[in-house]
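In the UniProt record's numbering, the protein residues as written are 1 to 479. Every residue, glycine too, gets a C-beta built ideally from N, C-alpha and C. Here is the structure we will look at, set down as structure tokens.
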Ligand SMILES: Cc1cc2nc3c(=O)[nH]c(=O)nc-3n(C[C@H](O)[C@H](O)[C@H](O)COP(=O)(O)OP(=O)(O)OC[C@H]3O[C@@H](n4cnc5c(N)ncnc54)[C@H](O)[C@@H]3O)c2cc1C
């Protein structure tokens, strides 16, 4: 026996929450939509787990960060789902899926059938065991992917009450957890195999700035080596971390942030995969026409870089979710998703945003000894990516807008000389590149609040584009 829904979302994370909200906005009928999630709580804003959730004073707790609180939308509490007739099946893993029969089997033995399926299963943290290191059972070794992990991390931090913390991994999770541990008065050592932190995104110059900042907060960096084993006490708790370079680090707790793996296993052999995720088209539709995929699990065509990518960032999950729902409910009105990649982080008093692609030649600008600096990436003569630390809203808007415009850069030295001024001048020209959450024009969509010029529409857009083309044609001759 089982139930049937028109729309089923597997996964109850960020993408699921935003998809549910989009269905609601488009008038989904009571009883048509169901979300099945392994987590026991309604969809929430996952980035909070490494930030507000770990604060020593007044930490964020649900329901304060349910989706879509961070984007000026209403907060989707369990009550909201109930009132809007959206079925939440929580604490329930989908065990298998049959895309030909359009059915799912849950771990509780229920069969659920659908007309349209949205896969929003996200990703899971890579575990040490996958690298041959034992330690999963130790109560003071923590990961951070979901609420249960965050609770455990917060509890371990509290029970240690300061002491030595070793963080393994210099990416997003490692850097954000290291900052939280410092704020919680731990002596933190950050260990990673690369030559710098955030190697997939930061240039070495940018990385140096953050590493210096972290060091000024007492964080010790050990680079170019990896964890090989732990020492345990008689209670099975880790007491020290052994590294390949032969060093031993005393540890009261350990946080592991060594990457993630998309949760694709339900669909292996049934849907086409690419870049480790479920391959979808610009409508977020997979190789099976009834199945859509969004968020960390989806590999979609990123038009602006001209290739299929899988992005592991919250903004992409939110917008892809809205786009998929638009494509399902109004396919004829929904053009292909045209997403400008956007990543951000906030640690200590620092805050950065990145837009576009970090490919090609890097042009740094600003004062790396001061609070505001950044970089552009110029690839094949075009500005394709922008990074800014410590910007104002107007400045972040400007780099986003400029990156979306992909201006031709003939003189890199001049770009360096103008620095942030270049983005400000380009973005202040009379152009209105309209972002849209759902219709494929998601170009310059930033964090809240949304921008006033988003309201400019129709004729004004067309006129502005013509004006910009004229102005920009003149400008290009100077560059
Ligand atoms: C601690 C942390 C901090 C982050 N900070 C930032 C940040 O500052 N900026 C940024 O851009 N990004 C950040 N991210 C990344 C961002 O949160 C993810 O990109 C985003 O959550 C992806 O959304 P999603 O819905 O695809 O996956 P998720 O939010 O991971 O949701 C997946 C859901 O699917 C469920 N699920 C999986 N398999 C099954 C199954 N078989 N049956 C039922 N349910 C299943 C999971 O339990 C989970 O609820 C952070 C991530 C973490 C973990």
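- Task: For the alpha helix (DSSP H) containing residue 187, list its first residue and its last residue.
- Result: Here residue 187 corresponds to residue number 187 of the chain shown, with the count starting at 1. Element bounds for residue 187: not the alpha helix (DSSP H) but the beta strand (DSSP E), 186–192.
- Task: Answer with buried or exposed for residue 392, where buried requires no fewer than 16 other C-beta atoms within 10 angstroms of its C-beta.
- Result: Residue 392 sits at position 392 when you count from the first residue of the chain shown. The residue in question, residue 392, is exposed, as its Cβ has fewer than 16 Cβ neighbours within 10 Å.
- residue 16 versus 30, 60, 289 and 86, residue with shortest Cα-Cα distance: As a working note, residue 16 is residue 16 in the chain shown. When each option's Cα is compared against that of residue 16, the closest is 86.
- Tell me whether residue 295 sits in a helix, a strand or coil according to DSSP, three-state version. Residue 295 sits at position 295 when you count from the first residue of the chain shown. Of the three classes helix, strand and coil, the one that applies to residue 295 here is helix, per DSSP.
- Can you tell me the Cα-Cα spacing of residue 169 and residue 188, whole angstroms? Taking the first residue of the chain shown as position 1, residue 169 is located at position 169. Taking the first residue of the chain shown as position 1, residue 188 is located at position 188. Within the model, the alpha-carbon separation for residue 169 versus residue 188 is close to 12 Å.
- Message: Spatial neighbours of residue 3 within its chain, please: C-beta separation below 6 Å, excluding the five flanking residues on both sides.
- Response: Taking the chain shown and counting its residues from 1, the one referred to as residue 3 is at position 3. Same-chain partners within the cutoff: 112.
- Task: Just confirm the distance between the C-beta atoms of residue 386 and residue 356, as a whole number of angstroms; I'd bet it's less than 8 Å.
- Result: Mapped onto the chain shown, residue 386 falls at position 386. Mapped onto the chain shown, residue 356 falls at position 356. Confirmed, Cβ separation roughly 6 Å.
- Query: Is the stretch 415–429 touching the stretch 396–407 in the sense that three or more CB pairs, one from each, lie closer than 8 Å?
  - Reply: The stretch 396–407 is in contact with the stretch 415–429.
- Task: Would you please state the rounded distance, in angstroms, between the beta carbons of residue 60 and residue 48? I believe it to be under 8 Å.
- Result: In the chain shown, the residue the question calls residue 60 occupies position 60. In the chain shown, the residue the question calls residue 48 occupies position 48. That pair is a contact at about 5 Å.
- For the stretch 277–353, list the beta strand (DSSP E) runs that are entirely contained and at least 3 residues long, ordered along the chain. Runs of the beta strand (DSSP E) inside the stretch 277–353: 277–279, 291–293, 298–302, 307–310 and 342–347.
- Message: Helix, strand or coil, according to DSSP, for residue 275 in the structure here?
- Response: Translated into positions along the chain shown, residue 275 becomes position 275. In the displayed model, residue 275 falls within coil according to three-state DSSP, outside both helix and strand.
- Kindly give me the distance between the Cβ atoms of residue 126 and residue 260, rounded to whole angstroms, as I take these residues to be in contact under 8 Å. Here the question's residue 126 lines up with position 126 in the chain shown. Here the question's residue 260 lines up with position 260 in the chain shown. Yes, they are in contact, since the Cβ atoms of residue 126 and residue 260 sit about 6 Å apart, within 8 Å.
- Message: Using a 10 Å radius around the Cβ and a threshold of 16 neighbouring Cβ atoms, would you call residue 96 buried or exposed?
- Response: By 1-based counting over the chain shown, the position of residue 96 is 96. Residue 96 is exposed by the Cβ-count criterion.
- Item | For residue 166, the three-state DSSP class (helix, strand or coil) | For this step, residue 166 is matched to residue 166 along the chain shown. Correct three-state label for residue 166: strand.
- Message: According to DSSP, residue 253 sits in a beta bridge with which residue or residues?
- Response: Residue numbering aside, residue 253 sits at position 253 when the chain shown is read from its first letter. Paired residue(s): 165.
- Message: Can you tell me whether residue 20 is buried or exposed? The criterion is at least 16 other CB atoms within 10 Å of its CB, across all chains shown.
- Response: Numbered from 1 along the chain shown, position 20 holds the residue referred to as residue 20. Classification for residue 20: buried.
- Go ahead and pull the three-state DSSP assignment for residue 81. Position 81 of the chain shown, counted from the first residue, corresponds to residue 81. Look at residue 81 here: in three-state DSSP terms it is helix.
- Hey, residue 310 and residue 298 are a contact pair by Cβ (cut 8 Å); roughly how many whole angstroms apart? For the purposes of this step, residue 310 is taken as residue 310 along the chain shown, with counting starting at 1. For the purposes of this step, residue 298 is taken as residue 298 along the chain shown, with counting starting at 1. The Cβ separation is near 7 Å, so the contact holds.
- Run of the alpha helix (DSSP H) containing residue 425, from where it starts to where it stops: Counted from its first residue, the chain shown places residue 425 at position 425. Run containing residue 425: 420–427, per the alpha helix (DSSP H) assignment.
- Message: Taking a contact to mean a Cβ-Cβ separation below 9 Å, would you say residue 284 touches residue 160 in this structure?
- Response: Within the chain shown, the letter at position 284 stands for residue 284. Within the chain shown, the letter at position 160 stands for residue 160. No, Cβ-Cβ distance for residue 284 and residue 160 is not below 9 Å.
- With DSSP as the reference, label residue 551 as helix, strand or coil. No statement about residue 551 is possible, as the shown extent of the chain runs from 1 to 479 and does not include it.
- Query: Is residue 150 closer than 9 Å to residue 312 when the C-beta atoms are compared?
  - Reply: The count along the chain shown starts at 1 and reaches residue 312 at position 312. The count along the chain shown starts at 1 and reaches residue 150 at position 150. Residue 150 is positioned such that its CB atom lies no closer than 9 Å to that of residue 312.
- Message: Can you confirm whether the stretch 193–206 touches the stretch 224–231 when touching is taken to mean that 3 or more C-beta pairs between the two stretches lie within less than 8 Å?
- Response: Proximity of the stretch 224–231 to the stretch 193–206 meets the contact definition, three or more beta-carbon pairs being nearer than 8 Å.
- Query: Residue range of the beta strand (DSSP E) that residue 106 falls in?
  - Reply: Numbered from 1 along the chain shown, position 106 holds the residue referred to as residue 106. For residue 106, the enclosing beta strand (DSSP E) begins and ends at 103–106.
- Query: Does the pairing of the stretch 170–181 with the stretch 343–350 give three or more beta-carbon distances under 8 Å?
  - Reply: Yes: at least three Cβ pairs fall under 8 Å.
- Bridge-paired residues (DSSP) for residue 66: Sequence index remark: in the chain shown, residue 66 carries index 66 (1-based). Residue 66 pairs with 44.
- Host beta strand (DSSP E) of residue 405 (start-end): Locating residue 405 in the chain shown gives position 405, counting from the first residue. Not the beta strand (DSSP E): residue 405 falls in the alpha helix (DSSP H), residues 393–405.
- Task: Could you tell me how far apart the beta carbons of residue 320 and residue 295 are, in whole angstroms, since I believe they sit closer than 8 Å?
- Result: For this step, residue 320 is matched to residue 320 along the chain shown. For this step, residue 295 is matched to residue 295 along the chain shown. Indeed, because the Cβ distance is near 6 Å, the residues count as touching under 8 Å.
- Are there 16 or more other CB atoms within 10 angstroms of the CB of residue 417, so buried, or fewer, so exposed? Locating residue 417 in the chain shown gives position 417, where the first residue counts as 1. Result: exposed.
- Message: When you compare the CB positions of residue 148 and residue 53, do they come within less than 9 Å of one another, or not?
- Response: In the chain shown, the residue the question calls residue 148 occupies position 148. In the chain shown, the residue the question calls residue 53 occupies position 53. For residue 148 and residue 53, no; Cβs fall outside 9 Å.
- Query: What residues are listed by DSSP as bridge partners for residue 96?
  - Reply: One-based indexing of the chain shown puts residue 96 at position 96. Answer is 105, bridged to residue 96.
- Message: For ligand 1, I want to know if residue 140 counts as a neighbour, meaning its beta carbon is within less than 8 Å of at least one of the ligand's heavy atoms.
- Response: As a working note, residue 140 is residue 140 in the chain shown. No, the beta carbon of residue 140 sits no closer than 8 Å to any heavy atom of ligand 1.
- Message: What I want to know is whether the C-beta of residue 349 ends up closer than 8 Å to one or more non-hydrogen atoms of ligand 1.
- Response: As a working note, residue 349 is residue 349 in the chain shown. Not so, every heavy atom of ligand 1 lies at least 8 Å from the Cβ.
- Message: Can you tell me whether residue 272 is buried or exposed? The criterion is at least 16 other CB atoms within 10 Å of its CB, across all chains shown.
- Response: Numbered from 1 along the chain shown, position 272 holds the residue referred to as residue 272. Looking at its Cβ environment, which holds fewer than 16 other Cβ atoms inside 10 Å, residue 272 is exposed.
- Item | Among 9, 377 and 44, the one whose alpha carbon lies nearest that of residue 89 | To locate residue 89, count along the chain shown from 1; it is residue 89. Ranked by Cα distance from residue 89, the options 9, 377 and 44 are led by 9.
- Looking at residue 121 and ligand 1, is the gap between the Cβ and the nearest heavy atom below 8 Å? Taking the first residue of the chain shown as 1, we reach residue 121 at position 121. Within the chosen limit of 8 Å, ligand 1 reaches the beta carbon of residue 121 through at least one heavy atom.
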